[in-house]
Amino acid sequence: MDMAANRELLDAVKRSGGWLRARKTRSIRARCAVTAEMLQTLEGPVHVHAGEYVCRGEQGELWAQSEEALHRRYAATGEFDSGGWREYRPLPDSGGVLASRLDRPFSVVLDRGVLRGKAGDYLLRDFAEGAGQDPRDLWIVDASIFAATYRVDQGE
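Residue numbers for the sequence shown follow our numbering, beginning at 222 and rising by one.
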């Protein structure tokens with residue numbers, strides 16, 4: 222698989238009706254990776270480089286993102302738990318995300334690994350990148366997690 226697979230997936234989203242604008246509504250926990258590590262996400266294993274962040278959602282789901290992406294979307298509360306995880310709340314003035322629910326299994330190729338979504342899961346991208354065909358940042362969110370932690374903006 223290569224990035225051409227991502228372009229084909231984006232073309233399919235465009236043909237199927239496109240994107241919904243949504244915003245994260247729930248806090249997450251995150252910790253900075255001190256050394257490189259392999260992370261098992263719901264969608265598959267990914268490489269995390271030293272200095273990137275491992276994030277954990279309310280249902281225990283894990284994912285990785287850059288420090289820049291984390292701080293573009295979330296604000297630290299200053300609260301750490303006993304495991305060294307810090308709470309982050311969604312920024313209210315963040316542009317949110319573009320989301321599309323896919324009715325078939327799908328994959329996304331990233332520099333850090335290949336993510337695999339189930340039928341019904343959501344493909345997401347940063348709203349700031351718009352609906353262009355070559356996004357820098359794609360990810361997958363399980364349908365039940367999306368329903369519990371995102372709000373779709375009406376009229377967008």
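C-beta atoms are modelled at their ideal positions from N, C-alpha and C, and glycine is treated no differently.
These numbers were taken from a predicted model, which means no experiment stands behind them.
Helix, strand or coil: which one does DSSP assign to residue i?
{"i": "aspartate 342", "result": "coil"}
{"i": "valine 255", "result": "coil"}
{"i": "arginine 247", "result": "coil"}
{"i": "aspartate 314", "result": "coil"}
{"i": "aspartate 232", "result": "helix"}
{"i": "leucine 291", "result": "helix"}
{"i": "alanine 226", "result": "helix"}
{"i": "serine 365", "result": "helix"}
Mind checking residue i: buried by the 16 CB within 10 Å criterion, or exposed?
{"i": "serine 303", "result": "exposed"}
{"i": "valine 373", "result": "exposed"}
{"i": "proline 313", "result": "exposed"}
{"i": "serine 237", "result": "exposed"}
{"i": "glutamate 288", "result": "exposed"}
{"i": "threonine 298", "result": "exposed"}
{"i": "glycine 338", "result": "buried"}
{"i": "arginine 244", "result": "buried"}
{"i": "glutamine 286", "result": "buried"}
Would you mind giving the Cβ-Cβ distance between residue i and residue j, rounded to the nearest angstrom? I have them listed as a contact below 8 Å.
{"i": "glutamine 280", "j": "isoleucine 366", "result": "6 Å"}
{"i": "glycine 316", "j": "alanine 349", "result": "5 Å"}
{"i": "glycine 278", "j": "cysteine 253", "result": "Not a contact, Cβ separation roughly 17 Å."}
{"i": "leucine 323", "j": "alanine 340", "result": "7 Å"}
{"i": "threonine 246", "j": "tyrosine 371", "result": "6 Å"}
Check for me: the alpha helix (DSSP H) holding residue i runs from which residue to which?
{"i": "alanine 285", "result": "That residue, alanine 285, is in no alpha helix (DSSP H); its beta strand (DSSP E) goes 283 to 286."}
Can you tell me where the beta strand (DSSP E) with residue i in it begins and where it stops?
{"i": "arginine 277", "result": "274 to 277"}
{"i": "histidine 268", "result": "265 to 269"}
{"i": "phenylalanine 327", "result": "327 to 331"}
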